[in-house]
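Trainee: Chains as they are written, first to last, in our numbering: chain C, 1489 to 1736; chain X, 15 to 184.
Sharing a structure with you now.
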Amino acid sequence: MANPFAGQTDGIRAGQAGAEGSIDPDQYRISILKRYIAGEGGLQNNVEAYAGAYRPDSAKSAIANYQARSAQRQGLIQGIEDLPDQYGNEVNQLTREAGRAQGEGVSNTRKNFNRRGLLYSGLRESGEQGVKNAVASNLQSGVSGATRDYQNLLNSRKQALAGIELASKQEALNNANAAFEMTTRNNVARAQALQQLGEGVGYAAGSYYGRKSPTPSTTGSDGGGGSMNDALSMSNNSYWASNPYSSR
Amino acid sequence: MADSATQGLVNDLRGDSAGATTQRYMQAGQEASRGLLNAPDNFNSGLNYGDQAMTKAIQAKHSQKYSMGEQRLAQTMRSAGQDDYLKKLQVTADLAGQEHQQNLQKEILRQKQAQANKAARGAVVGQVLGITGAVVGGFAGAMAGGVGAPAGAMAGYQLGSAAGNAIGGA
């Protein structure tokens, strides 16, 4: 008899392989976190595990969670892969039991009709046929029900696996987002520091060249001569105060 | 690349239907029961009393009853198949929607990262141009006499930095 589940479980394990091929994504994260706990540098912004978000004790707790999810994933994959054989075994068992029930039923029917002297009769034949059909009908119902149950079991396992996979991917996405936000914040801080440096160089250059100017201005402190005092007075100027780059 | 589990569920639905689900449920049962009915029966050998017409009539009578039972089972399985298929459709659509949202978020993040990288490159260029502009502006301010050197430096810095950031797309 053809197994309706043959082919419905292909590619499940391959689809769940992680970043390093043979292991799942949670095992990969575990390996990253273990390296983080061991003190390896450069993992603060790793988006697979986002180790930087954890202290080592939190990382240990995360490892336990990842291990649990990995075990669930492996259990589901194994359950899906084993299902066609389990179904085949159950149907074989049902068929064997039906065959035994049919044999017993026919034998008992025959004995009963024999006792009444009806062994070679249409009544005996009809009785036996009735037993055979009843058993066959029962087997059909049993196998159809088992097929339905196994189909639903397979669907549920596949759906649970998809749920785990989505949760795992969502976590990776959240980690990537968090790492990006952190990197952006750090970049903004660095850029601000660099801009202040640039402005400082501008002041210094302006003051330096101002001192060396051959034609000093006579129009006041804001004039073309320029000096360190000019530079300092600008800190109170409204233009500088409104400068978005200025942190003063 | 291998399909995701959700994609696998979507693929399962291709070519499947409530009817196909019912058919799957029924077919295995039919094969098993027909196999049992057609199996050789050791008890019959030697018990033939020669009335083939009677045998056929008996088989027809029971076959009719058997068919009626099979139809009742088919009806039950049709309803079950529809329920199961719709449930599978619903759950798969839900999971596929989640996966789609994730892919969308992933693409948005990728775009943000690309934009940030571009802006970071622009900022570096901006700093270089800004500092150069500040030195030139300071010198020009000092030479012109009308504008203070630091103001010239700042203007130069602003121009250079803005140019760099424009290049970077910040």
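Just so you know, even glycine gets a beta-carbon here, dropped at the ideal spot from N, CA and C.
Indicate whether at least one CB of chain X lies closer than 8 angstroms to the CB of E1653(C).
Mentor: The count along the first sequence starts at 1 and reaches residue 1653(C) at position 165. Interface residue, yes.
Trainee: What does a CB cutoff of less than 7 angstroms around A169(X) pick up in its chain, not counting 5 residues either side in sequence?
Mentor: Your numbering for residue 169(X) matches position 155 in the second sequence. The answer, listed in chain order, is G151.
Trainee: Give a yes or no on whether the C-beta atoms belonging to A42(X) and P1572(C) are separated by under 8 angstroms.
Mentor: Within the second sequence, residue 42(X) is the residue found at index 28, counting from 1. Within the first sequence, residue 1572(C) is the residue found at index 84, counting from 1. In this structure, P1572(C) does not lie closer than 8 angstroms to A42(X) by Cβ.
Trainee: Given T1635(C), which residues of its chain have a CB within under 7 angstroms of its CB, disregarding the five upstream and five downstream residues?
Mentor: Along the first sequence, read from residue 1 onward, the residue named residue 1635(C) stands at position 147. Here the set comprises P1492.
Trainee: Cutting at 6 angstroms between CB atoms, please list the residues of its own chain near R1561(C), excluding the five before and the five after it.
Mentor: If you number the first sequence from 1, residue 1561(C) lands on position 73. If we look at R1561(C) and ignore the five residues flanking it on each side, its Cβ neighbours are D1512 and I1652.
Trainee: Looking at the secondary structure, which residues open and close the alpha helix (DSSP H) in which T36(X) lies?
Mentor: Locating residue 36(X) in the second sequence gives position 22, where the first residue counts as 1. That run of the alpha helix (DSSP H) goes A32 to L51.
Trainee: Roughly how far, in whole angstroms, is the beta-carbon of Q1617(C) from the beta-carbon of L87(X), given that I think they are within contact range, below 8 angstroms?
Mentor: Here residue 1617(C) is taken as the residue at index 129 of the first sequence, counted from 1. Here residue 87(X) is taken as the residue at index 73 of the second sequence, counted from 1. Actually they do not touch by this definition, with Cβ atoms about 19 angstroms apart.
Trainee: My output table needs one value for Q1647(C): the three-state DSSP class, helix, strand or coil.
Mentor: Indexing the first sequence from 1 puts residue 1647(C) at position 159. Note: Q1647(C) maps to helix in three-state DSSP.
Trainee: Could you check the C-alpha separation between D1498(C) and Q1574(C) for me, to the nearest Å?
Mentor: For the purposes of this step, residue 1498(C) is taken as residue 10 along the first sequence, with counting starting at 1. For the purposes of this step, residue 1574(C) is taken as residue 86 along the first sequence, with counting starting at 1. Spanning the two alpha carbons is a distance of roughly 16 angstroms.
Trainee: Can you tell which of E1613(C), T1672(C) and N1663(C) has the C-alpha that lies nearest to the C-alpha of D65(X)?
Mentor: Mapped onto the second sequence, residue 65(X) falls at position 51. Of the listed residues, the one whose Cα sits closest to D65(X) is E1613(C).
Trainee: Return yes when the Cβ of V1623(C) is within less than 8 angstroms of the Cβ of A1650(C), no when it is not.
Mentor: Locating residue 1650(C) in the first sequence gives position 162, counting from the first residue. Locating residue 1623(C) in the first sequence gives position 135, counting from the first residue. Contact: no.
Trainee: To the nearest angstrom, report how far apart Q1639(C) and N1621(C) are at their CA atoms.
Mentor: Within the first sequence, the letter at position 151 stands for residue 1639(C). Within the first sequence, the letter at position 133 stands for residue 1621(C). Near 26 angstroms, if we compare the C-alpha coordinates of N1621(C) and Q1639(C).
Trainee: With DSSP as the reference, label G1495(C) as helix, strand or coil.
Mentor: Working through the first sequence from its first residue, we reach residue 1495(C) at position 7. Here G1495(C) sits in coil by DSSP.
Trainee: Using only CA atoms, which one of A165(X), G22(X), I145(X) and A154(X) lies nearest to S175(X)?
Mentor: Within the second sequence, the letter at position 161 stands for residue 175(X). For S175(X), the nearest C-alpha among the options comes from I145(X).
Trainee: Return the CA-CA distance between S1715(C) and A154(X), expressed in angstroms with no decimal places.
Mentor: Counting from 1 along the first sequence, the entry for residue 1715(C) is found at position 227. Counting from 1 along the second sequence, the entry for residue 154(X) is found at position 140. At S1715(C) the pLDDT is 34, less than 50, meaning the model places this residue with poor confidence; the figure from the coordinates comes in the next sentence. So the alpha carbons of these two residues sit roughly 14 angstroms apart.
Trainee: Would the beta-carbon of A134(X) fall within 8 angstroms of that of N1675(C)?
Mentor: Reading the second sequence from its first residue, position 120 is the one you call residue 134(X). Reading the first sequence from its first residue, position 187 is the one you call residue 1675(C). Going by C-beta atoms, A134(X) is nearer than 8 angstroms to N1675(C).
Trainee: For A107(X), which residues of its own chain have a beta-carbon under 8 angstroms away from its beta-carbon, when the five flanking residues on both sides are left out?
Mentor: Locating residue 107(X) in the second sequence gives position 93, counting from the first residue. Same-chain partners within the cutoff: there are none.
Trainee: Could you confirm whether any beta carbon from chain C is found closer than 8 angstroms to the beta carbon of L103(X)?
Mentor: Taking the first residue of the second sequence as 1, we reach residue 103(X) at position 89. No, because no Cβ of chain C sits closer than 8 angstroms to the Cβ of L103(X).
Trainee: Is R1636(C) close to chain X, meaning its C-beta is less than 8 angstroms from at least one C-beta of that chain?
Mentor: Along the first sequence, read from residue 1 onward, the residue named residue 1636(C) stands at position 148. It does; some Cβ of chain X falls within 8 angstroms.
Trainee: In terms of residue numbering, what span does the alpha helix (DSSP H) encompassing I1551(C) cover?
Mentor: As a first step, residue 1551(C) is located in the first sequence; it is residue number 63 there, counting from the start. P1544 to R1603 is the extent of the alpha helix (DSSP H) around I1551(C).
Trainee: Quick test of the definition: if touching needs 3 or more C-beta pairs under 8 angstroms, does the stretch 102 to 120 of chain X touch the stretch 20 to 27 of chain X?
Mentor: Yes, they touch.
Trainee: Here's the rule: buried if 16 or more other CB atoms are within 10 angstroms of the residue's CB, otherwise exposed. What is S81(X)?
Mentor: Numbered from its first residue, the second sequence carries residue 81(X) at position 67. Counting Cβ neighbours within 10 Å, S81(X) comes out exposed, since fewer than 16 surround it.
Trainee: Answer yes or no: does any C-beta atom of chain X fall closer than 8 angstroms to that of I1500(C)?
Mentor: Position 12 of the first sequence, counted from the first residue, corresponds to residue 1500(C). True, the Cβ-Cβ gap to chain X drops below 8 angstroms.
Trainee: So if I threshold CB-CB distances at 7 angstroms, which residues from the stretch 1547 to 1578 of chain C count as touching chain X?
Mentor: From the stretch 1547 to 1578 of chain C, no residue has a Cβ closer than 7 angstroms to chain X.
Trainee: Could you tell me which chain X residues have their CB closer than 7 angstroms to the CB of F1668(C), listed as they occur along the chain?
Mentor: Position 180 of the first sequence holds residue 1668(C). Ordered by position in chain X, the residues that pass the 7 angstroms Cβ test against F1668(C) are L123, K126 and Q127.
Trainee: Can you find a CB in chain X that lies within less than 8 angstroms of the CB of E1613(C)?
Mentor: On the first sequence, residue 1613(C) is found 125 positions in, with the first residue counted as 1. Taking Cβ atoms only, chain X reaches closer than 8 angstroms to E1613(C), which makes this a yes.
Trainee: Under 8 angstroms Cβ-Cβ, which residues of chain B neighbour D30(X)?
Mentor: Chain labels in this structure do not include chain B; the protein chains are C and X.
Trainee: Taking Cβ-Cβ distances shorter than 7 angstroms, what residues in chain X pair up with N1602(C)?
Mentor: Taking the first sequence and counting its residues from 1, the one referred to as residue 1602(C) is at position 114. Within chain X, no residue comes near N1602(C); the closest Cβ sits about 10 angstroms away, beyond 7 angstroms.
Trainee: For a quick check, are the C-beta atoms of Y99(X) and A32(X) less than 8 angstroms apart?
Mentor: Taking the first residue of the second sequence as 1, we reach residue 99(X) at position 85. Taking the first residue of the second sequence as 1, we reach residue 32(X) at position 18. In this structure, A32(X) lies closer than 8 angstroms to Y99(X) by Cβ.
Trainee: Only counting the same chain, and skipping five residues up and downstream in sequence, which positions put a Cβ closer than 6 angstroms to that of S1644(C)?
Mentor: Within the first sequence, residue 1644(C) is the residue found at index 156, counting from 1. No residues qualify anywhere along the chain.
Trainee: I want to see whether chain X comes within less than 8 angstroms of A1513(C), judged by CB atoms only; does it?
Mentor: Counting from 1 along the first sequence, the entry for residue 1513(C) is found at position 25. According to the sequence shown, residue 1513(C) is Pro rather than Ala. Not one chain X Cβ lies under 8 angstroms of P1513(C).
Trainee: Using the Cα positions of L173(X) and I1520(C), report the straight-line distance between them to the nearest angstrom.
Mentor: The residue labelled residue 173(X) in the question sits at position 159 within the second sequence. The residue labelled residue 1520(C) in the question sits at position 32 within the first sequence. So the two alpha carbons sit approximately 45 angstroms from each other.
Trainee: For chain C, check one thing: does any of its Cβ atoms lie closer than 8 angstroms to the Cβ of R38(X)?
Mentor: Position 24 of the second sequence, counting from 1, holds the residue named residue 38(X). With 8 angstroms as the cut-off, R38(X) counts as an interface residue toward chain C.
Trainee: Measure how close the beta-carbons of A46(X) and V1631(C) come, nearest whole angstrom, since I'm counting them as under 8 angstroms.
Mentor: Against the second sequence, residue 46(X) aligns to sequence position 32. Against the first sequence, residue 1631(C) aligns to sequence position 143. About 4 angstroms; that satisfies the 8 angstroms criterion.
Trainee: Taking the alpha-carbon positions, what's the N1580(C) to G1591(C) distance?
Mentor: Position 92 of the first sequence, counted from the first residue, corresponds to residue 1580(C). Position 103 of the first sequence, counted from the first residue, corresponds to residue 1591(C). The straight-line gap from Cα to Cα measures roughly 16 angstroms.
Trainee: Measure the alpha-carbon distance for G1563(C) versus E121(X) and round it to whole angstroms.
Mentor: On the first sequence, residue 1563(C) is found 75 positions in, with the first residue counted as 1. On the second sequence, residue 121(X) is found 107 positions in, with the first residue counted as 1. So the alpha carbons of these two residues sit roughly 31 angstroms apart.
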